[in-house]
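Worksheet: one structure, shown below.
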Amino acid sequence: MSETSSVKQGVAAGTSIGAAIILVTVGIIQFFQGVAAVAENEVFVVGIEYVYKLDLTTWGWIHIVLGIVVMGVGLALFTGAGWARVSAIVVAAVSILANFLWLPYYPWWSLLIIALDVVVIWAVSTWKPDRV
Numbered sequence: 001m002s003e004t005s006s007v008k009q010g011v012a013a014g015t016s017i018g019a020a021i022i023l024v025t026v027g028i029i030q031f032f033q034g035v036a037a038v039a040e041n042e043v044f045v046v047g048i049e050y051v052y053k054l055d056l057t058t059w060g061w062i063h064i065v066l067g068i069v070v071m072g073v074g075l076a077l078f079t080g081a082g083w084a085r086v087s088a089i090v091v092a093a094v095s096i097l098a099n100f101l102w103l104p105y106y107p108w109w110s111l112l113i114i115a116l117d118v119v120v121i122w123a124v125s126t127w128k129p130d131r132v
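Sequential numbering of the sequence shown, starting at 1, is according to full-length UniProt numbering.
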């Protein structure tokens, strides 16, 4: 293994631990974002109608469930298990989709979560724990 590959794997391994932390944090925040949407529809304001319009309560439940799943996969990712890595990629991709559809309600937050999910996908897909 070349030194460049070793450095890349070291960065990916460190970033994967960071990805696990990011997933847990994003899961917690998505959970509370969902609770806010379910509990009080006046928290979020939508200025325009758009194609993917769902009731805020529905979006709230989507974020609650997604938050719990993302948090669980983030915790499992700390083990470095293969299934946890694959699950992290799938869950991050679903989170990207959900936050894209959530853009009209909370655009800056959605863009931030999408960017963090892209980092998670890169880190987890690049990291090969057996090579460290």
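Cβ atoms here follow ideal geometry from the backbone N, Cα and C, with glycine treated the same way.
Problem set entry | Coil, strand or helix - residue 25 by DSSP | helix
For this session: Determine contact between the region 79-91 and the region 114-128, defined as no fewer than three beta-carbon pairs at a distance below 8 angstroms.
Result: yes
For this session: To the nearest angstrom, report how far apart residue 26 and residue 55 are at their CA atoms.
Result: Their backbone Cα atoms lie some 22 angstroms apart in a straight line.
Exercise. Anyone know if the C-beta pair for residue 38 and residue 74 falls short of 8 angstroms?
Worked result: no
Exercise. Is residue 102 helix, strand or coil when you go by DSSP?
Worked result: coil
For this session: Counting only the same chain and skipping the five closest in sequence on each side, list residues whose C-beta sits under 6 angstroms from that of residue 134.
Result: There is no way to answer for residue 134, as the model of the chain reaches only from 1 to 132.
For this session: Give me the Cα-Cα distance between residue 6 and residue 116, rounded to the nearest whole angstrom.
Result: About 24 angstroms.
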